[in-house]
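Chains as they are written, first to last, in this note's numbering: chain E, 8 to 490; chain U, 0 to 449.
Written as structure tokens, this is what we have:
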């Protein structure tokens, strides 16, 4: 994308009365392959291209976006954004102010060793068919085995009336396999490596090769088959050890979302919800046990929440959200950072050219501890190990949650025992994190990509990252509901 | 919006450019305008014009898909070439159903000029009518007003030529006393294909009234309760049911509530659920995204599993006919219902409450998700107006409650009353609105927020 249409849009916005404007174009190519029970269910190639213009007029926001990119269209969008911002003034209570940000001129590119488009599609199809076959061989009741792969390349150009000019190129690769076993009114699912698109990384095809998809698929099918005849997860209060895929979701829902400062300030109240972490609690509220350190880091190589600059041009950074169990920080935009009396830590992101940026997670991670999964299990007399995201729900302030995992194992007297199906657990966020008494070390720390975080109206589906090691939680209510 | 001739000519150009054994093109155009308000002021105000061209190229039994969001000649040709390339690199697929045959479509007019032309200033005025009511009580209003105009064209090399346009408008509002744990909140929502049908004053009044009544909520013990659920809550349950099992391929593979149970009683005989695009108040669309005429399908008839929806892929596997429920781009093989309606009953919300000795009144559900699709178990929270019902009257407000229950085996199986009046509720999807009543049933409450 040439900068010219963006510059024209900014000039037009200023001329029409904007005090600030930014323009962001996005060019995206993607290729997706899905093989189901050995047959290609979908082979798809996508392309999109568009421009969004955001303006401040009399302290009010306006945004317009379109896919027909030309200098004339860029100017039309800028004029429309100004008209929309003026209309916003009809219900004005305050004027938006922005915390300062550097006017950076830079380029950034995510790591990519093997260009996914350089790998023949037929070779990818063969790998997926092999993975399907292996998963189906996992059991006679595996009715559906699906293997999938996707590559996305984005080139994003950002310019602002403050002088920022930033071009960022990102390559995103994902792959995985899912086995569904069905029998006698029961259905069980296992996924590899994880539930959401397998796993997703800002990387090239080397990420797929590292997964060893075909070799891992048989076990995925075997576990789905075994779950059909497994005992139902018991109900009661006991110790829970979460694997990294499940814990990534727990971090996402119970730490990532409530630390979004726009939720705290109420601007998601009617849709995504608010937060139990108002600004009065900053630096004085115990979120979890002393072991719990949670941070946002948009610089982790390969993370789905990694970038050079966010969609306001704020540089990527690391910042703590929870330190030694205390709540210490938020995810911020320039507007909310100003209102808090600080500067942004770069969490403004838009899901596409057609969306206004809002505060989103970057890579929200749990710092590793000093245990191992083995030592966590050895220190548990009565509990359940759960992993594989299956079901999730949490209240609008992010307190009462209930999650379900694909697979569970009972823990008795310090050892893993029988497999259990439909494991669920529920709790209240600060009580749950307060009960954390063990976190495995850096050797078991896994970076997960979550490609489907929904927030905002119109809905924005965002890619975010979560890194964690397995962790243990005491006195958790498991096995919710009637089965 | 480009009109029927231009939209179909873009599709025809894509089909021609494929030079494949067969080809299909779908063009979707949308202008999506949304005014979002929070803390009783507008904080996001957007208009987005978008286009999506989906091309399916068929070589023998191999199918390749490509998409583009530009409709210039070069972009169309380039998308066609990519679709052919994606078809070329895969093995033959004997299960591929091929493309639809030409068909006659029923007339439908889902387009409303006023909705299409609704300006940012008009949206701001409408929103201000809600904010003013909240201001009068020193309450905090948030929500969104959305208007959309959409155009869909479907064509294929076998002669299918389908085109429709539509509009929809929806408003949701949450009015709150604050964000703390004992705050009160109230909710109202409505949808129509005509923005003129939305009564902003009444919606604001409903949310304010409910918010004032919901201040300082208390607790209730977990357990099974009689519940009176407003249409918003029923719509969420219906949406979950659709997601968990109203899909032809899930049905064939034993993953749907209806698998192996057609013709059997699966829930209360008071429950009839159909997918019917003919409702003139929703957003009618007479064909699906394969160009197949959309049929009315009764999925549950007086409690008996009576039907299933299919796209062409599912229909071929089930040795059945497509019911015209394909989604764009083969995104959800098996199909999805866009116009669900639950049949009305003969009661009213007031009568349901009056007939309840002890129970819970639920305005809506929040963050509901499936727990076990075959058993139709779902979980979620109540929100924005949960009250205890005592001695036939709405009593003290309750904190948001967690429920975990089976939709068919628990909630819908225990229905004892359904309202005469129904509400039109937005689903968030284009040209898709549900019509649902209020119900009285039983629901398993498994927890509460704090």
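Glycine residues also receive a C-beta, built at the ideal position from the N, C-alpha and C atoms.
{"Item": "Take residue 256 of chain E as the anchor and find which of E:43, E:11, E:458 and E:51 has the nearest alpha-carbon.", "Value": "E:458"}
{"Item": "Among the candidates U:34, U:52, U:55 and U:62, whose CA atom is the shortest distance from the CA of residue 67 of chain E?", "Value": "U:34"}
{"Item": "Let me see if you follow: with CB-CB separation under 8 Å, is residue 256 of chain E close to chain U or not?", "Value": "no"}
{"Item": "What is the rounded straight-line gap between the Cα of residue 371 of chain E and the Cα of residue 314 of chain E?", "Value": "14 Å"}
{"Item": "Can you pull the chain E residues whose beta carbon is under 7 Å from the beta carbon of residue 36 of chain U, in chain order?", "Value": "98"}
{"Item": "Whose CA, out of E:200, E:28 and E:36, lies closest to the CA of residue 84 of chain E?", "Value": "E:28"}
{"Item": "Have a look at residue 211 of chain E and residue 55 of chain U and give me their C-alpha separation to the nearest angstrom.", "Value": "27 Å"}
{"Item": "Determine the chain U residues that contact residue 285 of chain E at a beta-carbon separation under 9 Å, and present them in chain order.", "Value": "178 and 179"}
{"Item": "If you measure from the beta carbon of residue 157 of chain E to each beta carbon in chain U, is any gap under 8 Å?", "Value": "no"}
{"Item": "Just to confirm, are residue 354 of chain E and residue 303 of chain E a CB contact at a threshold of 8 Å?", "Value": "yes"}
{"Item": "Around the Cβ of residue 163 of chain E, are there at least 16 other Cβ atoms within 10 angstroms (buried) or fewer (exposed)?", "Value": "buried"}
{"Item": "For residue 477 of chain E versus residue 258 of chain E, is the C-beta spacing smaller than 8 Å?", "Value": "no"}
{"Item": "Within the chosen definition, does the segment 357 to 366 of chain E reach the segment 34 to 54 of chain U through at least 3 CB pairs nearer than 8 Å?", "Value": "yes"}
{"Item": "When the Cα of residue 256 of chain U is compared with those of E:191, E:438, E:197 and E:80, which residue comes out closest?", "Value": "E:191"}
{"Item": "Can you list the alpha helix (DSSP H) stretches of 4 or more residues lying completely in the segment 235 to 280 of chain E, in chain order?", "Value": "251 to 258 and 268 to 271"}
{"Item": "Residue range of the beta strand (DSSP E) that residue 39 of chain E falls in?", "Value": "27 to 43"}
{"Item": "Alpha carbons only, please: which of E:277, E:329 and E:321 is nearest the one belonging to residue 288 of chain E?", "Value": "E:329"}
{"Item": "With a CB to CB cut of under 7 Å and the five nearest residues on each side skipped, what residues in its chain are close to residue 8 of chain E?", "Value": "Note that residue 8 of chain E scores 49 on pLDDT, short of 50, meaning its location in the model is unreliable and no value can be drawn from it."}
{"Item": "Give the straight-line distance between the Cα atoms of residue 247 of chain U and residue 254 of chain U, rounded to the nearest whole angstrom.", "Value": "10 Å"}
{"Item": "Please list, in chain order, the chain U residues whose beta carbon lies closer than 8 Å to that of residue 307 of chain E.", "Value": "Correct list: empty, because the minimum Cβ distance to chain U is about 28 Å."}
{"Item": "For residue 209 of chain U, is the classification buried or exposed, using 16 other Cβ atoms within 10 angstroms of its Cβ as the cut-off for buried?", "Value": "buried"}
{"Item": "Do the segment 368 to 386 of chain E and the segment 226 to 245 of chain E meet, that is, are 3 or more Cβ pairs less than 8 Å apart?", "Value": "no"}
{"Item": "Take the Cβ of residue 444 of chain U as the centre, count every other Cβ of all protein chains shown within 10 Å, and call the residue buried at 16 or more, exposed below.", "Value": "buried"}
{"Item": "Just the Cα atoms here: how many angstroms apart are residue 74 of chain E and residue 146 of chain U?", "Value": "19 Å"}
{"Item": "With 16 other CB atoms within 10 Å as the buried threshold, where does residue 244 of chain E fall?", "Value": "exposed"}
{"Item": "Name the residue from U:412, U:417, U:414 and U:437 whose alpha carbon lies nearest to the alpha carbon of residue 424 of chain U.", "Value": "U:437"}
{"Item": "Which one of E:349, E:445, E:290 and E:238 has the shortest CA to CA distance from residue 427 of chain E?", "Value": "E:238"}
{"Item": "Measuring alpha carbon to alpha carbon, tell me which residue in U:223, U:273 and U:350 is nearest residue 409 of chain U.", "Value": "U:223"}
{"Item": "My output table needs one value for residue 8 of chain E: the three-state DSSP class, helix, strand or coil.", "Value": "Note that residue 8 of chain E scores a pLDDT of 49, beneath 50, so its modelled location is shaky and nothing firm can be said."}
{"Item": "From the DSSP output, read off the bridge partner residues of residue 219 of chain U.", "Value": "None, per the DSSP bridge assignment."}
{"Item": "Assess, as a yes-or-no matter, whether the segment 291 to 306 of chain E is touched by the segment 319 to 333 of chain E under the definition of 3 or more beta carbon pairs within less than 8 Å.", "Value": "yes"}
{"Item": "Under 8 Å Cβ-Cβ, which residues of chain U neighbour residue 165 of chain E?", "Value": "Under the 8 Å cutoff, chain U gives no residues; its nearest Cβ is about 18 Å from residue 165 of chain E."}
{"Item": "Do you know offhand how far residue 68 of chain U's Cα is from residue 12 of chain E's?", "Value": "18 Å"}
{"Item": "Should residue 180 of chain U be labelled buried (16 or more other beta-carbon atoms within 10 Å of its own) or exposed?", "Value": "exposed"}
{"Item": "Under the rule that 16 or more other beta-carbon atoms within 10 Å means buried, what is residue 112 of chain E, buried or exposed?", "Value": "exposed"}
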